[in-house]
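Comments concern the structure below.
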Amino acid sequence: MSKVTTLLLALCITMFASMTFAQTFFDAHYTGKYTEQFANGKPKYEVNIVKGKKEGLEIVWYESGSKKIQTNYVNDKEDGVWNQWYENGQVKLEAHYKGGHEHGLFTQWYDNGQKRAESTFVVGIKEGAEYAWDKDGNLKSEWMYKDGNVVSQHSNECHII
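Numbering-wise (the numbering used here), the sequence shown opens with residue 119 and increments by one.
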């Protein structure tokens with residue numbers, strides 16, 4: 119068997135396996151827990167499925183074993199707190215969802231623990247103040263939103279040319 123034929127066969131097997139996963143994952147009759155593991159046996163991904171839809175916690179891990187992402191689903195839509203971490207365990211993102219839309223506070227942090235940005239959403243639309251900070255914790259900029267549109271902005275950044 120030539121190298122090209124072997125490569126094509128491997129590609130087809132990989133594509134078939136991916137298609138099987140998608141079919142099983144989204145089959146409207148499937149109910150149960152879906153999990154994946156890394157080659158080292160540690161968990162990689164876990165989600166509950168009810169009648170083909172995500173329901174409850176969805177968790178993604180780094181290969182090291184630390185948690186990467188955790189969110190909650192209700193009827194296949196993000197609902198509740200959505201968390202993401204850096205591999206060292208430091209919080210990277212915390213967002214709030216309702217019915218599949220950002221709703222509430224959305225906060226990001228740098229890997230050193232300093233707050234990076236903060237904004238508020240109402241049913242997926244930015245509303246109110248949004249702030250951005252540099253890695254040292256200094257306020258870089260501030261925007262005000264009304265119905266998703268910027269109504270004012272202010273920047274503290276200095277640009278050296």
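Just so you know, even glycine gets a beta-carbon here, dropped at the ideal spot from N, CA and C.
Under 8 Å between C-beta atoms of residue i and residue j
i	j	result
N274	L257	yes
Y148	G170	yes
W179	K172	no
W203	K210	yes
G159	K195	no
Residue burial classification, residue i (beta-carbon count within 10 angstroms, cutoff 16)
i	result
K264	exposed
E181	exposed
H272	exposed
V269	exposed
K121	Confidence at K121 is low in this model, with a pLDDT of 47, below 50, so its placement is unreliable and no value can be given for it.
D197	buried
A157	exposed
T189	buried
E220	buried
Close beta carbons around residue i, own chain, < 6 Å, minus the five adjacent residues each side
i	result
E248	S237 and W261
G266	I243 and K244
G255	Q232
G222	H214
N166	K151, E173 and G174
T153	E164
Residue interval of the beta strand (DSSP E) (run including residue i)
i	result
S182	S182 -> no beta strand (DSSP E), and no H or E assigned at all.
A146	Taken as a continuous stretch (DSSP letters only), A146 belongs to no beta strand (DSSP E), as it is neither H nor E.
Q271	N267 to S273
F239	K233 to V240
K216	V209 to K216
K258	L257 to K264
K253	Where K253 is concerned, there is no enclosing beta strand (DSSP E), given that its DSSP letter is neither H nor E.
Beta-carbon proximity list for residue i, same chain, < 8 Å, skipping 5 on both sides
i	result
S259	Y249, A250, Q271, H272, S273, N274 and E275
Close Cβ partners of residue i (< 7 Å) along its chain, the five nearest in sequence each way excluded
i	result
V168	T149
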